[in-house]
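Here's the structure we're looking at; comments come further down.
In UniProt numbering, the protein residues as written are 1 to 182.
This is how it looks when you write it as C-alpha cells:
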C-alpha cells in the first residue's frame, strides 16, 4: 500500500516548497494530500508575488494524523506565521511527533514546529533569520543544506529542495522512528 503524506499549509505558502516535494513524493509512489485550515482553495506565494491557487484535499478539521505516514510543512513567511498560532495546527503537528512519524519542514516552516513544542533538543536548520527563534526554543540550529534528526527533515530554502526531497523520500519510506518525540 502506498504511503500517504499530508502537506499542511495555508494561503501564502512558498509555492515551489509545496509543488516540488509533492511532485517528488508522487513520483516515488506516495499519495499526497494538501491539508489546510481553509476548506476550499489556498493560494501560493511565488517569491515576491501571489502564485497559483490549489484545491484543498482535506480540511484540517477533518484530517487525522493517524491517517498519514508523514507530514510536510512548506515555508514562505506568511504560511507558517498564520499556522503557528492555530491550536488545531499545533495538535496535528504534535500528533506526528508523538507517533514517531517522519516530518519535513523547509525555510520558515520551523516556526510552526516551535509553537507545536517539538524542537527542544533537536538538531535542525531553517531559513537563516529563524536561527535565534529556534535556539531560544532549545533547538541546535545549524547552517546545512539538509538535516535529519530522528525522522525530522529540515532545509533552509528553495535552493535546498533536491536534497530535501531526497531525504523526505528516504525518511517516509523508512517510516516510524523510535527516537522521534514530541
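We put the CB at the ideal spot given by N, CA and C, even for glycine. Only a predicted model underlies this, so the values are computations on that prediction, with no experimental measurement involved.
(message) Which complete beta strand (DSSP E) runs does the segment 8 to 60 hold, if anything under 3 residues is left out?
(response) 31 to 36, 41 to 46 and 49 to 55
(message) Considering only their Cβ atoms, is the gap separating residue 122 from residue 149 smaller than 8 Å?
(response) Working through the chain shown from its first residue, we reach residue 149 at position 149. Working through the chain shown from its first residue, we reach residue 122 at position 122. Yes, they are a contact pair.
(message) Let me check one thing: in DSSP terms, what residues is residue 6 bridge-paired to?
(response) Here the question's residue 6 lines up with position 6 in the chain shown. Answer is 33 and 71, bridged to residue 6.
(request) Taking all protein chains shown into account, decide if residue 30 is buried (16 or more other Cβ within 10 angstroms of its Cβ) or exposed. (result) As a first step, residue 30 must be located in the chain shown, where it is residue number 30. It counts as buried.
(request) Starting from the N-terminal side, write out each stretch of the alpha helix (DSSP H) that is 4 residues or longer and does not extend beyond the segment 114 to 144. (result) 131 to 136
(request) Pair every Cβ in the segment 105 to 120 with every Cβ in the segment 143 to 162, then say whether three or more of these pairs are closer than 8 Å. (result) yes
(message) Taking the alpha carbon of residue 44 as the reference point, which residue from 63, 74, 57 and 68 has its own alpha carbon closest?
(response) Counting from 1 along the chain shown, the entry for residue 44 is found at position 44. Comparing Cα-Cα distances from residue 44 to each of 63, 74, 57 and 68, the minimum goes to 74.
(request) State the DSSP-derived secondary structure class of residue 160, mapped to helix, strand or coil. (result) By one-based count along the chain shown, residue 160 stands at place 160. The answer is helix: DSSP assigns residue 160 an H, G or I state.
(request) State the DSSP-derived secondary structure class of residue 81, mapped to helix, strand or coil. (result) Stepping through the chain shown from its first residue, residue 81 is reached at position 81. Correct three-state label for residue 81: helix.
(request) Give the single residue among 32, 69, 57 and 27 whose Cα lies nearest to the Cα of residue 40. (result) Here residue 40 refers to the residue found at position 40 of the chain shown. Residue 40 has its Cα closest to that of 57, out of 32, 69, 57 and 27.
(message) Once DSSP output is grouped into helix, strand and coil, what is the label at residue 103?
(response) The residue labelled residue 103 in the question sits at position 103 within the chain shown. Correct three-state label for residue 103: strand.
(request) Let me know if residue 14 comes out buried or exposed under the rule of 16 or more other beta-carbons within 10 Å of its beta-carbon. (result) Within the chain shown, numbered from 1, the residue matching residue 14 stands at position 14. With a threshold of 16 other beta carbon atoms within 10 Å, residue 14 meets it and is buried.
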